[in-house]
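Numbering (our numbering), first residue to last: 345 to 1122. Note that CB positions come from ideal geometry on N, CA and C, so glycine has one too. This structure is a prediction, so every number in the text was calculated from the model and none was measured. The block underneath contains the structure these notes are about, expressed in structure tokens.
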């Protein structure tokens, strides 16, 4: 929906445009939040189901009929699914999975509310005095329809329509007033600091132009210049001019999300009562008040009567405006509603939404769905965008383990044994024919996919008959299997199917099935194109063509590289070419590596980070370092550290402190952390960061070579050097910082590698003997 006023020549007063579905969800929902297993189809299956139903209708049947009507300041619009002029019958088509699925009463109530609004809109458009309305439930498994039909007079439908509108009209008026006040305030928004940092103004100008002109911007800007404020401020300033409804600020990590939310809160605090609504979306497992309980009224008190209490909670939330995790929780508990689902509701009514990548780019992304459904004009800011290719690959990859299916065979109800056994036989056939430990194909074997789809159908029927059942393992496998099937149906040159032998456990060999996405552009391109403007920014986005290809940037995208504000003399970059970190030779080189780290520390004591390519390599280096240099304080990144353990690791880097943190390149301490001043005086990068050479990455290299012509660079070199530059970027954070970075490997002398390192670095090859290490100028 949009609160943007129409031109004065067209309307005497501003019109608030609202979609039929949004109107009805706001006014007609009641009762519990009920997320007991409901096997709803995907959007693609819904489209296919609609097409299947309408294809059965006689000639002259109309589909996707655009309808609209005004009521006071409201303009209600939408598209009716189907209309048969011969029968004067309007149909609202709902797809379900499983013909025994009992549609909950509150869902039926909402469906009929929508159908009756469409019925009135059709009566008004065609001048009808009476119309038949049918809600048609179509089972995508069996292909059967179940229709519930009723005839209505025009007057009855008009009264229902106007009742819905009256319930919404006060909210619409409030939203119109808010939008006008918001745009006025953003027109006068001031930069929150006394002046721009070096490079920050150039970044801000590029972001503003991209938002004003509706372009996709790829911006590389160095660490430490204030990229968060430098992108958020101009995007907000551009909202009134460009008619932007919502700004989505997306981050890959919780630390980045927190920084973005704090920046937005700071901009909104320029004056009391700033009309800017900001909401932070946090994962359900971090906001759930009753972990382990199912999301329905019989299990969770915050789900019981959720929709009855939601209006009051929503009313309070829009008045508070700045809705972080704690504020949302306080409001939710005051009204006894779920904090997580209150945050999702408030994403509909906020100007700025700060969230993780998956809220816009995932297959079932909430924010993308809102924007498409309500016709929002959105601007998207993607922080640390160098992480998006890998995150997007994960979003569109699905994996199933044979051990999980075997566990289900022992526990599943009798009704599921036959489809499970069929799936088990097909899977075992694939395992028997696997020569070696890995095989990749262009598609999923048809009989295997057919067996898995049949199992999904059986599971859907089982859950339909047992809606209260909460077998976590069974449901988890079902959702994983559905995800697998849906991606298998979309497999193409962007993805592969592969089969991997799992490490031996127990008496039986096991394998893993995977639909693996290799080129995320196929899925990400439509999301980028759907936005009015997108800004992808990071300190490491070179070469630009790599990200444009991998992510599918839309035509007309713009590249902007902000020069570094740092001077070469601030950072001494030294290449230790005499130490080889290749896997086959790294054990022999460990004594020289450890000696180099110790010598540098003794020459210039302080806090350092030492990065390694893997936990195993880190462990070997740390063991030797601990034996030979026990007097030097050091601490180690462990596998799977929790957030509090990560915080403790970083707290060891005290101002004026001394010691060495051993960490893994590409991990949580290699990017996104800020250790200014003498909290960090140097870093050692004992690797080129190249992804592991294995069968999967070779498939990636081959597919990228076919698509873009340089498979090695796209699969190995660019991702590896990006991690190196990110890790080195931890050392210099401000104009006053000084430090040293050691790039440890002979390959750092190669021209192809040097070309991918920051141009402002002044690189020298250090002495072979560790005794000759010296301290840089400070």
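Unbroken beta strand (DSSP E) stretches of 3 residues or longer found wholly inside the segment 372-459: 406-415, 418-428, 433-440, given in chain order.
As for any beta strand (DSSP E) of minimum length 3 sitting wholly inside the segment 824-882, the runs are 839-845, 855-861, 877-882, ordered along the chain. In the three-state reduction of the DSSP assignment, residue 728 falls in the coil class. In this structure residue 436 touches residue 459 by the C-beta definition: roughly 4 angstroms separates them, less than 8 angstroms. Assignment of residue 564 by DSSP, reduced to helix, strand and coil, places it in the strand class.
By the C-beta density criterion, residue 640 is buried, having at least 16 other C-beta atoms within 10 angstroms. Judged by pairs of C-beta atoms under 8 angstroms, the segment 544-562 touches the segment 878-888, as three or more such pairs exist. With 16 or more other Cβ atoms from the protein chains shown falling within 10 Å of its own Cβ, residue 1110 counts as buried. The Cβ atoms of residue 602 and residue 622 do not sit closer than 8 angstroms to each other. Of the residues assessed, residue 1103 falls on the exposed side of the cut-off, its CB having fewer than 16 other CB atoms within 10 angstroms. For residue 825, same chain residues with a beta-carbon under 8 angstroms away, outside a window of 5 residues either side, are 744, 796, 799, 800, 803 in chain order. As computed with DSSP, residue 477 is found in a beta bridge with 434, 494.
With respect to residue 1057, residue 1029 sits apart: the two C-beta atoms are not nearer than 8 angstroms. Put simply, the backbone Cα of residue 854 is about 10 angstroms away from that of residue 748. Residue 905 is bridged by DSSP to 564. Here the C-alpha atom of residue 1080 lies approximately 7 angstroms from the C-alpha atom of residue 1021. A straight-line Cα-Cα distance of about 15 angstroms links residue 627 and residue 690.
Following the DSSP letters along the chain, one finds residue 916 inside the beta strand (DSSP E) bounded by residues 915-919.
Residue 807: member of the alpha helix (DSSP H) spanning 790-809, first to last residue.
Within its own chain, the residues whose Cβ lies closer than 6 angstroms to the Cβ of residue 983, once the five positions on either side in sequence are excluded, are 959, listed in chain order. Rounded to the nearest whole angstrom, the C-alpha separation of residue 543 and residue 740 is 36 angstroms.
Looking at the backbone, the Cα of residue 522 and that of residue 698 are separated by about 20 angstroms. Under the rule that a run must span 4 or more residues, the alpha helix (DSSP H) segments found entirely inside the segment 637-720 read 650-664, 669-678, 683-691, 702-705, 710-718. In this structure, the straight-line span from the alpha carbon of residue 359 to that of residue 659 is close to 22 angstroms. When secondary structure is reduced to three states using DSSP, residue 611 falls in the helix class. Counting along the chain, the unbroken alpha helix (DSSP H) around residue 941 starts and ends at 930-947. Under the rule that a run must span 3 or more residues, the beta strand (DSSP E) segments found entirely inside the segment 1037-1101 read 1083-1087. DSSP places residue 1015 in the coil class of the three-state scheme, outside both helix and strand. Note that the segment 559-577 touches the segment 905-912; at least 3 beta-carbon pairs, one per stretch, sit closer than 8 angstroms. As a beta-bridge residue in DSSP terms, residue 1003 pairs with 951. Counting the other Cβ atoms within 10 Å of the Cβ of residue 438 gives 16 or more, which makes it buried. Taking a cut-off of 8 angstroms for Cβ pairs, the segment 999-1011 and the segment 962-972 touch, as three or more such pairs fall below it.
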